[in-house]
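All residue numbers for the sequence shown refer to this note's numbering, where the first residue is 2 and numbers rise by one. Think of the CB as a built atom: it goes at the ideal place given N, C-alpha and C, for glycine as much as any other residue.
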Amino acid sequence: MRKIILFLSWRDIKSPKKGGAEVYTHEMLKRADKSEYEFIHFSPIFENCQNDEIIDGVRYVRGGKGPFSVILEAKKYYNMNEEYIDYVVDQCNTHRFFTKLWVPKEKRIFFIHQLTREIWDLNLSFPLNKIGKILETSFLKLSKDDPTITVSKSTKDDLVKIGFNKQKIEILPEGIDFPHWNWQQFLPKSKDPIFIYVGRFANYKGIDTAIRAFIKFKSRYSRSLLWIVGKKNEEYITNVIDKIIQYEASDPIQTTIDIIYHGFVTEERKLELMSKAHALIFPSIREGWGLVITEAAAVGTPSIGFNSPGIRDALDYGEAGYLCKENTVEEIYENMCRVYENPNEYREIRKAAYEYSLNFHWDNTGKAFNQFLKNLKEKKYDF
């Protein structure tokens with residue numbers, strides 16, 4: 002008889018606001034061993050959703066609407082099926098299900114991509130930012146004795162610092178949705194430098210830093226371009242980006258012209274733009290894993306990134322990309338100059354980035370998860 006594993010999450014693969022965490026979970030479960038396990042994913046309802054459906058062999062059950070009602074509905078679902086459920090996975094993606102309070106220890110698993118540490122400081126002022134950090138740590142400690150899965154060494158290190166047992170934490174690799182391109186498929190780079198930013202219009206993602214670094218670089222190389230890929234946020238462009246250009250660019254009009262907003266594009270178009278750029282700029286202050294860095298490397302483009310959690314991992318601690326020594330605009334700018342001014346070094350880093358990216362595919366994620374399940378079965382975390 003197959004064991005049943007219940008996954009609890011704030012969103013699922015069909016949620017309108019799904020993100021990388023939801024894609025990761027689905028791709029992992031899609032490849033998990035269904036001969037021995039049945040997977041049920043519980044998350045809130047959304048408009049026009051089905052309350053119970055099967056996608057790629059994974060059962061998706063939905064109930065509750067908000068952060069509190071979904072916990073109550075998840076608990077109700079668990080209580081109704083407690084005798085059949087073997088494990089419960091509390092997936093922490095800002096929101097928690099506090100399973101320590103209602104699931105027996107031997108059934109609990111904790112799953113987290115990243116902590117939010119510095120993001121509290123960006124989004125809230127004192128004292129709310131300090132309160133947020135304290136509460137985050139306190140809530141995380143509820144799961145410190147549970148078998149834990151995460152996606153990077155950075156997150157594992159953060160968890161160990163607050164009391165998690167490192168022997169109970171398994172790192173399951175990230176994956177990409179497309180086959181790695183071969184060298185013959187890489188698109189040619191232009192003579193003039195082109196850099197690309199892919200992501201949301203949010204300060205913690207570092208788009209403002211990318212703009213400032215580009216302005217400095219453009220004062221040196223006037224024919225350079227910056228491509229920005231991601232759903233446009235007109236309010237952010239007007240209130241943040243346009244003001245940065247106005248106050249910091251020597252030629253605001255030309256700079257505005259040479260920052261090209263591609264908006265939301267298809268996956269195929271995104272990879273095409275990535276492959277044409279000389280380098281991806283990704284100065285995020287924290288990620289679970291810098292997935293766009295891995296994607297860019299897989300199509301022949303290295304990245305410049307901050308030395309921050311999840312970013313340093315995706316850059317293999319500077320072995321597979323340009324890792325900043327300090328997280329500043331100046332460091333991003335200097336690495337942009339390295340990209341364009343040192344072609345021999347660039348070729349070596351580009352090659353290293355591509356080779357490192359070959360380690361990351363959803364099939365590898367699925368294999369690692371199956372090994373984690375095998376360890377559970379053999380009670381390797383029971384101490």
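Residue j beta carbon less than 8 Å from that of residue i
i: Glu39; j: Arg12; result: no
i: Phe98; j: Leu173; result: no
i: Val199; j: Met275; result: yes
i: His181; j: Ser358; result: yes
i: Leu188; j: Glu273; result: yes
i: Asp87; j: Phe112; result: no
i: Leu143; j: Lys101; result: yes
i: His279; j: Tyr237; result: no
i: Pro148; j: Leu377; result: yes
i: Ala214; j: Tyr78; result: no
i: Ile301; j: Tyr355; result: Looking at the sequence shown, residue 301 is not Ile but Gly. Taking 8 Å as the Cβ cut-off, Gly301 and Tyr355 qualify as a contacting pair.
i: Val59; j: His96; result: no
i: Leu227; j: Ile260; result: yes
Residue i in three-state terms, based on DSSP
i: Ser36; result: coil
i: Ala280; result: strand
i: Leu324; result: strand
i: Ile197; result: strand
i: Gly21; result: helix
i: His1; result: Because the chain here runs from 2 to 384, residue 1 falls outside it and cannot be looked at.
i: Cys93; result: strand
i: Lys66; result: coil
i: Glu346; result: helix
i: Lys4; result: strand
i: Ser10; result: coil
i: Gly207; result: coil
i: Asp243; result: helix
i: Gly367; result: helix
i: Phe468; result: The requested residue 468 is not part of the displayed model; the chain covers only 2 to 384.
i: Leu125; result: In this prediction, Leu125 has a pLDDT of 49, which is less than 50 and means its spatial position is unreliable; nothing more can be read from the coordinates.
i: Ser155; result: helix
Pick from the options that is closest to residue i, judged by C-alpha positions
i: Glu235; options: Ala203, Ile216, Ala250; result: Ala203
i: Ala298; options: Arg287, Glu288, Asn371, Ile282; result: Ile282
i: Gly231; options: Gly20, Ile5, Ile14, Lys15; result: Gly20
i: Ala22; options: Ile56, Arg60, Gly64, Asn94; result: Asn94
i: Ser16; options: Asp57, Tyr61, Ser36, Leu7; result: Tyr61
i: Asp383; options: Lys108, Glu48, Pro128, Cys338; result: Lys108
i: Glu349; options: Thr329, Glu331, Gly322; result: Gly322
Between the CA atoms of residue j and residue i - distance to the nearest angstrom
i: Asp159; j: Gly67; result: 28 Å
i: Phe218; j: Ser304; result: 16 Å
i: Leu73; j: Ser44; result: 11 Å
i: Leu30; j: Gly164; result: 28 Å
i: Val1; j: Val241; result: The chain is shown only over 2 to 384; residue 1 falls outside these bounds and no answer can be derived.
i: Lys18; j: Lys154; result: 27 Å
i: Ala33; j: Gly176; result: 14 Å
i: Thr210; j: Ser285; result: 9 Å
i: Gly367; j: Ala315; result: 19 Å
i: Lys271; j: Ile245; result: 26 Å
i: Pro105; j: Thr295; result: 38 Å
i: Arg221; j: Tyr205; result: 27 Å
i: Glu320; j: Thr239; result: 37 Å
i: Arg287; j: Gln51; result: 34 Å
i: Ala353; j: Ile229; result: 25 Å
i: His114; j: Tyr318; result: 18 Å
i: Ser225; j: Ile195; result: 6 Å
i: His263; j: Ile197; result: 10 Å
i: Gly311; j: Ala75; result: 30 Å
i: Glu331; j: Ile212; result: 12 Å
i: Asn365; j: Asp178; result: 12 Å
i: Met337; j: Tyr248; result: 21 Å
i: Val266; j: Lys277; result: 15 Å
i: Ala369; j: Glu48; result: 34 Å
i: Asn345; j: Arg351; result: 10 Å
i: Leu125; j: Phe69; result: Model confidence at Leu125 stands at a pLDDT of 49, short of 50, so the residue's coordinates are unreliable and nothing is read from them.
Near the ligand ATP: residue i beta-carbon under 7 Å from a heavy atom
i: Glu235; result: The ligand ATP is absent from the structure shown, which contains no ligands of any kind.
Cβ distance (whole Å) where residue i is taken to contact residue j below 8 Å
i: Gly306; j: Gly291; result: 6 Å
i: Ile41; j: Ile5; result: 6 Å
i: Ile208; j: Thr256; result: At roughly 15 Å, the Cβ-Cβ gap does not stay under 8 Å, so Ile208 and Thr256 are not in contact.
i: Leu7; j: Val71; result: Contact doesn't hold; Cβ gap of about 13 Å is too wide.
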